[in-house]
Amino acid sequence: MNPQAKLIFALSLTLGTTLTISSTHGIMAWTGLEINTLAILPLISKSHHPRAIEAATKYFLVQAAASALVLFSSMTNAWHTGQWDITQLSHPTSCLILTVALAMKLGLVPFHFWFPEVLQGSSLIVGLLLSTLMKFPPITLLYLTSPSLKPSILTTMAILSAALGGWMGLNQTQTRKILAFSSISHLGWMAIIIAYSPKLALLNFYLYTLMTAAVFLSLNSIKALKLSTLMTTWTKTPSLNAILLLTLLSLAGLPPLTGFLPKWLIIQELTKQEVALAATIIALLSLLGLFFYLRLAYCATITLPPHTTNHMKQWYNTKPTNTMVAVLTTMSLMLLPISPIILAVV
29 MNPQAKLIFA LSLTLGTTLT ISSTHGIMAW TGLEINTLAI LPLISKSHHP
79 RAIEAATKYF LVQAAASALV LFSSMTNAWH TGQWDITQLS HPTSCLILTV
129 ALAMKLGLVP FHFWFPEVLQ GSSLIVGLLL STLMKFPPIT LLYLTSPSLK
179 PSILTTMAIL SAALGGWMGL NQTQTRKILA FSSISHLGWM AIIIAYSPKL
229 ALLNFYLYTL MTAAVFLSLN SIKALKLSTL MTTWTKTPSL NAILLLTLLS
279 LAGLPPLTGF LPKWLIIQEL TKQEVALAAT IIALLSLLGL FFYLRLAYCA
329 TITLPPHTTN HMKQWYNTKP TNTMVAVLTT MSLMLLPISP IILAVV
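Heads up, the final residue of the sequence shown is numbered 374 in the numbering used here, and it's a clean run with no missing numbers.
What follows is the structure, encoded as structure tokens:
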């Protein structure tokens, strides 16, 4: 792709995200979401492969419908209350429509069907953008409107997302689809806590972004799109593969790694809010996710290919690992000991 075109799309993504996260007016928030959608579409479809075109079409249809619902929600609220401010949503129908719209934008169950398919049709770098940067504006809108939304609906969607994200990821062989279901599962954790402690949901999102970026960039470095490819990469970058094992375990939420921090705080907060049953269910459902992270980690570092003659060994990579990968993986592993400082800042 032309560097000038890439620059325009990158600036448009930045503008759209900034516009949405800094606005409280319904129409401005909608404008930012639309700019974001239009900027990412060429990046998804740039390979001209039929699957990439299909992914871009699905993404456009879902995001256009969700953006229309965001605008409709703001209009309904303005019609009944005279208020365009999205932090002042008071009409129940508007709140319900906005919850559905943001669930579609994020890929929460039962509006999750588009996300794995779109991620599968995109490259790893575009997949990273879809899983992290493109989720930031809807999460911000959820944060701004959280006092108006019904906790019961969000909790139901969250538990279903954690269940389906874990369950559907079990039998996948494509790394991008596994990471898509991982994203759905993590969004469940954010959705369950947003009504009780919005700041904690944002902290969870930041740490999820950090760990997901580390995994996507590591997989991009070793060019692993399938589990069978992942099995042969130990000859190419042994040290990166060893770190990838720990990053995946951090994403699963095992102590003493960074990923344990948001899960621990969310379960603690839910217990304080006297919704211990929901906390227990979502904690048990995270075991499903742990299984497929362990499967990825096992394929990456512990197994040799079962039939060595059928697998072409990859040459050892003498190039140094990308600095960004090094920084992100280090942060994905080491932030738990400084959690008091993180909590003080939040």
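Positions of the beta carbon are idealized from the N, C-alpha and C atoms, including for glycine.
A quick note: this is a predicted structure, and the numbers were derived from the prediction, not measured.
Residue j beta carbon less than 9 Å from that of residue i
i, j, result
"S101", "L126", "yes"
"G135", "L316", "no"
"V137", "M185", "yes"
"L157", "L66", "no"
"L361", "T240", "no"
"I330", "I310", "no"
"P144", "K227", "no"
"A190", "S314", "yes"
"L152", "L258", "no"
"I250", "T357", "no"
"L298", "Y224", "yes"
"Y321", "A280", "yes"
"L170", "L124", "no"
"L255", "S367", "no"
"I63", "L47", "yes"
"P165", "A57", "yes"
"T115", "P175", "yes"
"L363", "P283", "no"
"I167", "W112", "no"
Residue i (DSSP reduced to helix, strand or coil)
i, result
"M202", "The residue you asked about is not Met; residue 202 is Gln in the sequence shown. Note: Q202 maps to strand in three-state DSSP."
"H108", "helix"
"K264", "coil"
"K254", "strand"
"L364", "helix"
"Q301", "coil"
"F88", "helix"
"V98", "helix"
"A223", "coil"
"K34", "helix"
"T160", "coil"
"H140", "coil"
"N375", "Because the chain spans 29 through 374 in this model, residue 375 falls outside it and cannot be assessed."
"T337", "Residue placement at T337 is flagged as unreliable, the pLDDT there being 46, under the threshold of 50; a coordinate-derived value is accordingly withheld."
"T237", "helix"
"L285", "coil"
"M29", "coil"
"K291", "helix"
"H77", "coil"
Minimum C-alpha distance to residue i - residue among the options
i, options, result
"H214", "I187, T358, L97", "I187"
"L182", "A219, W195, L152", "A219"
"A325", "L277, A92, L207", "L277"
"G155", "Q202, A94, A93", "Q202"
"K264", "L192, A328, L35", "A328"
"L207", "L192, N30, F244", "F244"
"L268", "G216, A57, V353", "V353"
"L99", "K86, I72, H53", "H53"
"M132", "W292, S95, T351", "S95"
"Y87", "E302, A307, H140, N105", "H140"
"A33", "L71, T45, I167", "L71"
"L235", "Q91, T168, I370", "I370"
"L69", "L312, H77, T109, A83", "A83"
"S150", "L238, L253, E302, L97", "L253"
"K291", "T160, D113, L192, L231", "L231"
"V355", "L39, A242, S75", "A242"
"W217", "L177, H108, G193, Q200", "G193"
Strand pairing of residue i, partner residues [DSSP]
i, result
"H53", "D113"
Extent of the continuous alpha helix (DSSP H) to which residue i belongs
i, result
"G149", "Unbroken run through G149: none, as it is neither H nor E."
"V128", "120 to 134"
"M185", "179 to 196"
"T173", "164 to 173"
Any non-hydrogen atom of the ligand COA within 8 Å of residue i CB
i, result
"F88", "The ligand COA is not part of the structure shown, which contains no ligands of any sort."
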